[in-house]
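Colleague: Got a structure for you, written out below as structure tokens; questions coming shortly.
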Amino acid sequence: VQLQASGGGLVQAGGSLRLSCAASGSIFNISPMAWYRQTPGKQRDLVARITSGGDTNYSHWVKGRFTISRDNAKNTVYLQMNSLKPEDAGTYYCNLRDGDWTNYWGQGTQVTVSS
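Under this note's numbering, the first residue of the sequence shown carries the number 798, and numbering increases by one thereafter.
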């Protein structure tokens, strides 16, 4: 499994970004997907998760602002980020967890939010 994330960049506070993560391999459709964020010196924290069936859950700090979705036909998971705040900045990683609970990670995409 290979994951390719894209869509990060610099945005002003209050703006929006849409992250994408394209997956190779045949297990995408049956695997939960997630986005994590990491800031310097800190651990990688869950932002949002989506099951293979489309059920979602979010960390409290993004609820109502971020939306995770997936397109199984395109093997792609998205993170729509609205009303961005400077504290949302960091490196965002997409994650796929297979049936053996093995985690696969994308290369990370940088999000910078200016105040």
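Note that the Cβ used here is the ideal one computed from N, Cα and C, for glycine as well.
Note that the coordinates shown come from a computational prediction; the quantities given were computed from them, not determined experimentally.
For R867, report the span of its beta strand (DSSP E) as first-last.
Modeller: From DSSP, the beta strand (DSSP E) with R867 extends over F863 to D868.
Colleague: Here's the rule: buried if 16 or more other CB atoms are within 10 angstroms of the residue's CB, otherwise exposed. What is G899?
Modeller: First, the residue type needs correcting, since residue 899 is Thr and not Gly in the sequence shown. Label assigned to T899: exposed.
Colleague: What's the call for I827, buried or exposed, on a 16-neighbour Cβ count within 10 Å?
Modeller: Burial call: exposed.
Colleague: Just reading off the beta strand (DSSP E) that D773 is part of, what are its end residues?
Modeller: Absent from the structure is residue 773, since the part of the chain shown begins at 798 and ends at 912.
Colleague: Report yes if the CB atom of N854 is closer than 7 Å to the CB atom of R862, and no otherwise.
Modeller: Not a contact, by the Cβ cut-off of 7 Å.
Colleague: Using CA coordinates, which residue listed in S813, A810, G812 and C818 is at the minimum distance from Q904?
Modeller: The shortest Cα separation from Q904 among S813, A810, G812 and C818 belongs to C818.
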